[in-house]
Amino acid sequence: MSDTRPDRLGAPVDTPGGTALDTPVETGPGAAQDLKTEAALVTGAGGDLRQASLWSDAWRSLRRNPVFVGAALLLLVLALMAVFPQLFTGTDPEDCDITFGRQGPGVNGSLLGYDLQGCDYYSNLVYGARVSMAIGVLVVGGSLVIGVVLGALSGYYGGWFDSLMSRITDIFFGLPLILGAILILNRFDKPGLLQVSLALIALGWMTILRLLRSSVISVKDSDYVQAAKALGASDFRIITRHILPNCLAPVLVYATIAIGGVIAAEATLSFLGIGLQRPSISWGLQIEGGRDFVRTEPRLILLPSAILSVTVLAFILLGDALRDALDPKSK
Amino acid sequence: MTTLPSPSPAVARAGGEHLLEVQGLSVEFRTPYGVVRAVRDVSYTLDRGETLAILGESGSGKSVSAQTIMGILESPPGHVTGGRILYHGQDMLTMPKDEQRKLRGPEISMVFQDALSALNPVFTVGAQIAEMFRAHRGASKKEGLEKAAELMDRVRIPNARGRLKDYPHQFSGGMRQRVMIAMALALDPTVLIADEPTTALDVTVQAQIMDLLQELQAENGMGVILITHDLGVVNEVADRVAVMYAGSIVETGLIDEVFSRPAHPYTVGLMSSIPRVDARDTRLTPIVGAPPNLARIPSGCAFHPRCPRAQDVCAVEAPALVEVAPGRRSACHFAEEVLSA
Amino acid sequence: MPEPLLEVKGLVKHFPITLGVVRQKQVGAVRAVDGVDLALYPQETVGLVGESGCGKSTVTKVLMALEKPTAGQVLHHGKDVFSMSAKEQKQFRRSVQIIFQDPYTSLNPRMTVGDIVGEPWEIHPEVLPKKGRQAAVQDLLERVGLNPDFINRYPHQFSGGQRQRIGIARALALKPEVIVCDEPVSALDVSVQAQVVNLLGDLQQEFGLSYLFIAHDLSVVRHISDRVNVMYLGRIIESGTNEDVYERPAHPYTQALLSAVPSHDPAARGQKKRIVLQGDLPSPADPPTGCHFRTRCFKAQDVCAQEYPPLVDRGQGHPSACHFAEVVDVVPVEDAASAPDRVTSLRKTRGR
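Residue numbers (this note's numbering), protein chains in the order written: chain A, 1 to 331; chain B, 1 to 341; chain C, 1 to 352.
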């Protein structure tokens with residue numbers, strides 16, 4: 001600072017509570033400041049008026065995390081595959097010729113050979129990404145809508161509504177995934193992407209509701225919520241402006257990881273014949289098609305399994321990295 | 001920087017050797033966001049039977065030197081970058097780890113602010129105090145509990161024997177603080193470090209705990225380092241005081257002298273910014289601004305941006321902690337003027 | 001005397017203790033507030049002091065209509081806050097504001113300073129048209145001593161004292177009559193406390209505010225209050241003007257409290273008669289019979305266990321809830337000028 005003294009108290013922003021560095025056992029309210037916040041100030045005050053916030057701090061640490069960068073790049077490629085499969089293959093996955101059935105790589109210029117029906121295996125893998133990604137996003141998006149709305153109401157108002165929601169989530173938690181999916185999907189004679197997504201939403205919204213409900217409960221008594229109430233703010237305003245923005249971080253972490261789980265669940269259902277049916281294209285169906293040839297043609301199972309595992313893993317790693325970035329104490 | 005003299009007339013000292021002596025200690029925290037210099041060239045001494053108060057606000061680094069003495073400095077990110085800690089003339093920082101362990105507990109022990117988190121919630125208080133005797137003195141379980149009951153009685157916990165089997169959460173805040181004091185005193189240490197021992201307590205309970213500490217000190221003649229931000233507590237119990245600001249000691253001396261005639265503008269500012277219970281003053285005189293971030297300590301004298309006396313030299317040159325009157329030191333370019341004001 | 005702005009009558013707040021999950025059975029109650037009367041007149045500051053667990057925060061919550069009382073009334077200009085029409089309630093929300101203790105939790109971390117200070121106008125849009133709001137926020141920031149250019153920053157970029165100023169600016173936005181200050185300086189550093197105390201004093205002058213000042217720090221309350229109420233275990237045990245309570249305390253608890261406050265003046269050390277209370281605060285779920293303070297009182301007699309002493313003047317000049325109320329000069333008012341000469345002699349008198 002060039003001038004010797006701030007004429008106004010607001011001038012130096014480099015003035016945190018600093019308690020964390022002083023006494024780790026201090027329990028005063030000031031001690032709520034952890035080292036990270038302290039450190040954010042250090043960087044934030046470097047001269048430019050950077051608006052450091054939870055998300056920008058998180059982004060800074062994510063950018064330097066190789067796991068995050070790797071997982072994000074991989075998912076970017078998979079997302080591209082889902083949206084523009086033509087970029088990756090010129091072959092139509094449905095242009096099948098039974099005479100090429102189970103032919104190996106290299107035959108007729110095929111990169112990874114052909115499946116039982118003589119469809120190009122590589123282009124099937126590429127187009128399979130579309131189904132997986134679509135179901136992952138649809139199911140988690142739908143669960144988020146249900147879980148966030150009901151969880152916020154449940155946590156904020158409590159009372160009979162909360163008790164009712166708790167019992168309903170208990171019931172749904174008690175339903176095994178496969179059994180539940182059979183019950184729901186049997187109602188459709190040929191379940192497609194939408195039906196499978198609905199079934200998975202119906203069986204998967206509960207965790208988000210629980211997560212959100214508990215963070216709403218922990219936030220709703222905080223002083224800034226009390227302050228808004230004392231100003232006469234409406235419940236809607238309190239929930240949307242003050243509570244939800246401070247509750248979403250753990251839910252988003254869970255949702256990211258859950259996309260991986262949903263993709264695996266879809267593959268499982270399709271493999272078991274409960275989910276998508278041919279001629280839909282899905283990694284689960286590909287695995288199913290290759291199961292009789294594990295010994296003779298292992299590639300038929302290994303390739304879709306590998307891409308499925310890698311996708312699921314990428315989402316889990318992404319979620320883990322996100323959690324570490326949003327909650328520095330978990331490191 | 002030289003070490004502080006210990007002019008306490010109450011304590012006779014042989015051969016100039018202090019019980020505990022911290023010399024030029026510097027500690028920094030290396031965080032991903034920058035180096036935080038929590039303690040910068042801090043020196044002080046402690047003799048038997050005396051109470052040294054380390055007075056500072058949050059972020060002044062007042063607890064860090066004590067954590068270094070106790071070996072509980074979190075490392076990383078904390079690193080000692082210089083200085084010595086002499087206990088009976090031996091440097092604790094360079095001695096082997098197991099030698100250090102023999103000192104911490106039996107010779108030097110510590111009382112924390114938050115007794116609830118300092119005590120283990122899953123063991124009874126009796127077992128926790130007894131453990132001290134079993135670990136350090138090889139006492140049997142029964143002997144340990146016997147000693148624990150004696151100690152709890154000594155810190156004036158009513159019905160001590162009956163409460164041996166209680167868990168920490170079953171005690172009130174004041175009683176828990178007594179339990180922690182009992183644990184700290186279990187092995188009859190010669191140095192007791194009390195880090196904000198009464199900050200979490202109500203004023204009536206605070207009075208009880210400070211009285212207790214003083215009585216216990218009179219009984220066994222230990223040296224006490226009292227770390228606090230509360231000028232009132234310092235005034236009531238300390239013999240000498242070291243005022244810390246932004247990681248350094250800015251003023252030190254006998255409590256009566258420092259508090260009635262401060263020699264550093266920061267001490268002056270502190271004294272005039274707190275309201276009194278025994279007089280109704282019309283307006284307080286606060287210090288402008290806020291304590292600095294230890295990662296970005298101002299140049300020259302760390303206090304200069306807030307100091308009413310600051311001149312150009314203050315932003316450039318850090319004043320040394322020098323003697324301004326017999327037994328008194330101040331780190332201010334204008335200490336003489338502050339003292340005579 | 002003018003009509004009080006805000007009045008609390010016979011306030012009782014019990015929190016039920018329940019057992020069982022399905023059929024919750026009430027097995028007892030935490031008697032957080034057990035019959036409290038308070039009145040706040042225009043442009044005065046009323047202090048409410050007490051140690052943790054005495055119920056002062058619960059009084060705040062009910063007073064702000066954030067909790068419903070078990071019994072009793074909160075009157076705003078003579079109207080009961082809990083049976084108001086929506087319109088009257090809105091008016092109440094506009095004219096009574098609150099400042100919280102903890103500057104680290106009282107500001108929404110996801111909102112910018114401008115949004116925080118301007119939110120009152122979004123909730124009460126009739127007070128100020130949208131167009132003038134940004135300038136008004138900047139005015140307010142400047143008024144509480146913050147740089148008005150900081151409106152786009154987030155709370156964590158500020159120090160504790162600066163955050164408390166942001167909270168004060170928010171409370172001022174609707175030009176209230178009353179600000180309830182719930183321990184507004186106890187979380188701040190010593191050197192910063194005085195800044196905020198002075199700021200509150202200046203704002204009171206400028207805007208003609210009334211403060212209800214709730215704190216455990218007796219020195220701060222002494223400094224800022226016109227009238228003072230002392231709470232113990234859910235009840236007010238002594239009430240009077242600042243001078244009544246601090247210079248002529250009549251309740252043994254007030255006397256003990258005052259005597260326990262350490263002074264930072266070396267000359268004052270050893271001058272006061274220390275009354276060290278024995279034991280701990282009893283549980284508010286099971287308060288002692290009769291006088292709540294009798295278990296720790298040095299004056300307790302048989303009658304104290306049987307009869308609660310009402311808060312009345314027994315000839316001591318102000319109300320005190322003690323059967324044996326008697327004014328004792330606990331804290332001698334020091335003549336500051338003569339202090340330094342006595343310092344040297346004092347050291348010898350200190351017993352250790």
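Backbone N, C-alpha and C fix where the C-beta goes; we use that ideal spot for every residue, glycine too.
So, does the CB of residue i fall closer than 9 Å to a CB anywhere in chain B?
i: G161/C; result: yes
i: R227/C; result: no
i: G55/C; result: no
i: G201/C; result: yes
Which chain B residues are close to residue i, counting only those with a beta carbon under 7 Å from its beta carbon?
i: D286/C; result: Chain B residues near D286/C: none, gap ~14 Å exceeds 7 Å.
i: S85/C; result: Near S85/C there are no residues of chain B at all, since even the closest Cβ is about 42 Å away, more than 7 Å.
i: H264/C; result: L231, G232, N235, F259, M271, I274
i: L277/C; result: T204
Output needed for residue i: all residues of its chain with C-beta closer than 7 Å, excluding positions within five of it in sequence on either side, in chain order.
i: A202/A; result: I184
i: D120/A; result: T91, P93, S110, Y114
i: D116/A; result: Inspection of the sequence shows that residue 116/A is occupied by Leu rather than by Asp. Closer than 7 Å at the Cβ level, and outside the excluded window around L116/A, lie G101, R102, G289.
i: G158/A; result: none
i: T256/A; result: F315, L318, G319, L322
i: V294/A; result: I301
Please tell me whether residue i has its Cβ less than 9 Å away from any Cβ of chain C.
i: K220/A; result: no
i: G30/A; result: With a pLDDT of only 33 at G30/A, under the threshold of 50, the placement of this residue in the model should not be trusted; the figure read from the coordinates follows. Chain C contact via Cβ: present.
i: Q226/A; result: yes
i: A233/A; result: yes
i: I255/B; result: yes
i: A230/A; result: yes
i: Q128/B; result: no
i: R237/A; result: yes
i: D202/B; result: yes
i: M222/B; result: no
i: N124/A; result: no
Cutting at 6 Å between CB atoms, please list the residues of its own chain near residue i, excluding the five before and the five after it.
i: G290/C; result: C304, A305, Q306, E307, Y308
i: G260/A; result: V312, F315, I316
Whose Cβ in chain C lies nearer than 9 Å to the Cβ of residue i?
i: L76/A; result: Residues of chain C passing the Cβ test: none, with the nearest at roughly 28 Å.
i: P286/B; result: S191, V192, Q193, A194, Q195, V196, V197, N198
i: M175/B; result: D280
Going by beta carbon distance, what residues of the same chain come within less than 8 Å of residue i, once the five residues before and after it are set aside?
i: G82/B; result: G24, L25, S26, D41
i: P42/C; result: P2, L5, E177, G208, S210
Assuming residue i contacts residue j under a Cβ cut-off of 8 Å, what Cβ separation, rounded to an integer in Å, is found between them?
i: L40/C; j: S239/C; result: Actually they do not touch by this definition, with Cβ atoms about 13 Å apart.
i: M231/C; j: L75/C; result: Not really, about 20 Å apart at Cβ, beyond 8 Å.
i: G327/B; j: G269/B; result: Actually they are not in contact, since the Cβ atoms of G327/B and G269/B sit about 23 Å apart, beyond 8 Å.
Counting only Cβ pairs nearer than 8 Å, list the residues of chain C close to residue i.
i: A325/A; result: Ordered by position in chain C, no residue passes the 8 Å Cβ test against A325/A, which lies about 16 Å from the chain.
i: A290/B; result: S159, G160, G161, Q162, D189, S191, V192
i: D211/B; result: V276
Can you find a C-beta in chain A that's less than 9 Å from the C-beta of residue i?
i: I151/C; result: no
i: F207/C; result: no
i: H124/C; result: yes
Can you name the residues of chain A whose CB is closer than 7 Å to the CB of residue i?
i: S106/C; result: D223, Y224, A227
i: R143/C; result: Those within 7 Å of R143/C in chain A number zero; the least Cβ separation is about 12 Å.
i: F100/C; result: D223, A227
Under 7 Å between beta-carbons, which chain C residues line up against residue i? List them in chain order, please.
i: Q208/B; result: V276
By the criterion of Cβ-Cβ separation under 8 Å, what are the contact partners of residue i in chain B?
i: A267/C; result: S260
Checklist line | Touching by the beta-carbon criterion (3+ pairs, under 8 Å), the region 143-156 of chain B and the region 197-205 of chain B | finding: no
Note to self: Does the contact criterion of 3 or more C-beta pairs under 8 Å hold for the region 96-113 of chain B versus the region 66-73 of chain B?
What the structure shows: yes
Check: Is there contact here, the region 60-76 of chain C with the region 107-126 of chain C, by at least three beta-carbon pairs under 8 Å?
Finding: no
(message) If contact is defined by three or more beta carbon pairs under 8 Å, each pair taking one atom from either stretch, is the region 48-61 of chain B in contact with the region 276-292 of chain B?
(response) yes
Three or more C-beta pairs below 8 Å linking the region 214-230 of chain C and the region 292-312 of chain B
no
Pairs of beta-carbons, one from the region 199-218 of chain C and one from the region 177-191 of chain C, closer than 8 Å: are there three or more?
yes
task = May I ask you to verify whether the region 259-273 of chain B touches the region 260-278 of chain C, counting CB pairs closer than 8 Å and requiring at least 3?
result = yes
At least three beta-carbon pairs within less than 8 Å, the region 157-176 of chain C to the region 137-149 of chain C: yes
Take every Cβ of the region 275-295 of chain A, pair it with every Cβ of the region 204-218 of chain A, and state whether three or more of those distances are shorter than 8 Å. no
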